[in-house]
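The sequence shown begins at 42 in our numbering and counts up one residue at a time.
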Amino acid sequence: MVSSAFADRPQKKLFLFDVDNTLSLPRQIASPEMIQTLRELRKKAVIGFVGGSDLVKITEQLQTPGTKVLDEFDYGFAENGLIAFKQGKPLPSESFINFVGEEKYKPLVNFILHYIADLDIPIKRGTFVEFRRGMINVSPIGRNATIQERQDFEQLDLKHGYRKALIKALKEKFPDYGLTYSIGGQISFDVFPNGWNKTIALKHVEDESFEEIHFFGDKTYEGGNDYEIFSDPRTIGHSVRDPTDTIVVLKTQFLN
Ligand code: M1P
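Written out as structure tokens, the structure reads:
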């Protein structure tokens with residue numbers, strides 16, 4: 042039995058969605074068709090997003106004029122679920138800096154900044170390390186890159202493996218830190234304590250005992266940031282190519 046919170050939904054099912062490339066194109070705004078499809082689904086079941094990004098970016102991507110993103114979703118999980126909301130209200134959570142500690146964090150961030158300073162790539166912008174509640178996000182080009190610069194970097198990175206090389210160096214330098222390095226987007230990678238992947242969101246929904254929990258994501262392969270929650274026995278995983286594909290799966294399998 043789900044709680045009275047969701048008594049108005051005929052199906053006791055939860056649908057969770059990754060954000061980038063599942064509900065919207067990376068760092069872009071979700072289409073009106075996507076918003077409409079999610080509203081239809083929400084009449085039947087409970088819905089939530091589970092993004093790797095912070096809540097500010099997710100809000101930019103999913104919020105439509107005149108609405109609040111946390112009113113449009115029953116659950117909202119940012120930074121893999123370290124920032125969690127149920128029916129618009131925050132749920133308690135841990136922080137990255139508490140886990141790592143200031144003493145160990147300093148050498149880590151210093152190493153990253155030195156490494157990036159010495160890295161020879163065609164262009165660099167700003168914000169190479171973004172400090173978030175549940176993780177740090179590291180970008181060799183810098184988070185201020187434009188959409189075009191992002192796309193160019195992603196292609197170059199595929200060829201040269203800049204991100205993979207930096208991750209390898211970090212694993213060698215800090216083997217005992219208990220950290221996971223996860224490439225979830227186009228220009229960066231996330232660093233968070235082992236186990237703080239998107240399955241954290243599942244802990245926040247346990248009390249509702251949903252009959253089924255569906256998860257939709259694009260990076261569902263091993264090493265991708267949707268892999269753990271996609272392959273978790275508590276979820277029914279759907280691997281999608283992009284937002285258009287998400288809409289097709291929802292309409293053909295759940296909304297007909
Ligand atoms: O949601 C996926 C990823 O989106 C962004 O990645 P990038 O800027 O590299 O495209 C980041 O917010 C990252 O934290 C997140 O995992």
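Glycine included, every Cβ here is placed at the ideal spot set by N, Cα and C.
Paired residues, beta bridge with residue i - DSSP
i: Asp272; result: It should be pointed out that residue 272 corresponds to Ser in this sequence rather than to Asp. For Ser272, which the question treats as bridged, DSSP gives no partner whatsoever.
i: Gly278; result: Phe256
i: Leu132; result: Ala125
i: Ser223; result: Asp231
i: Leu57; result: Gly89 and Phe256
i: Ala119; result: Ile124
i: Glu171; result: Asn178
i: Gly44; result: Reading off the sequence shown, one finds Ser at residue 44, where the question assumed Gly. Looking at the DSSP assignment, Ser44 forms no beta bridge with any residue, so it has no partner.
i: Ser65; result: Asp61
i: Gly265; result: Ile224
Cβ separation of residue i and residue j, assumed to be a contact under 8 Å, to the nearest whole Å
i: Met176; j: Asp231; result: 5 Å
i: Thr63; j: Val281; result: 6 Å
i: Val110; j: Ile99; result: 7 Å
i: Met75; j: Pro284; result: 6 Å
i: Gly265; j: Asp61; result: At roughly 11 Å, the Cβ-Cβ gap does not stay under 8 Å, so Gly265 and Asp61 are not in contact.
i: Asp112; j: Gly129; result: 6 Å
Residue i vs residue j beta-carbon contact at 8 Å
i: Ala71; j: Gln102; result: yes
i: Ile277; j: Glu253; result: yes
i: Ile228; j: Glu263; result: no
i: Gly242; j: Leu57; result: First, the amino acid is wrong: residue 242 is Ala here, not Gly. Result yes, Cβ atoms of Ala242 and Leu57 sit closer than 8 Å.
i: Asp59; j: Gly236; result: no
i: Lys165; j: Ile182; result: yes
i: His245; j: Leu160; result: no
i: Glu269; j: Asn238; result: yes
i: Val179; j: Ile138; result: no
i: Arg191; j: Thr168; result: no
i: Leu220; j: Arg174; result: no
i: Tyr222; j: Ile208; result: yes
i: Thr240; j: Asp273; result: yes
i: Pro234; j: Phe140; result: yes
Cβ-heavy atom distance, residue i to the ligand GDP, below 7 Å
i: Ser45; result: Looking for the ligand GDP in the displayed structure turns up nothing; the ligands present are the ligand M1P.
Please confirm if the region 113-130 is in contact with the region 147-158, defined as three or more CB-CB distances below 8 Å between the two stretches.
No: the two stretches stay apart, fewer than three of their Cβ pairs being nearer than 8 Å.
Taking 8 Å as the threshold, find out whether the region 76-83 comes into contact with the region 196-216 through three or more Cβ pairs.
Touching, no, given that fewer than three Cβ pairs across the two stretches are closer than 8 Å.
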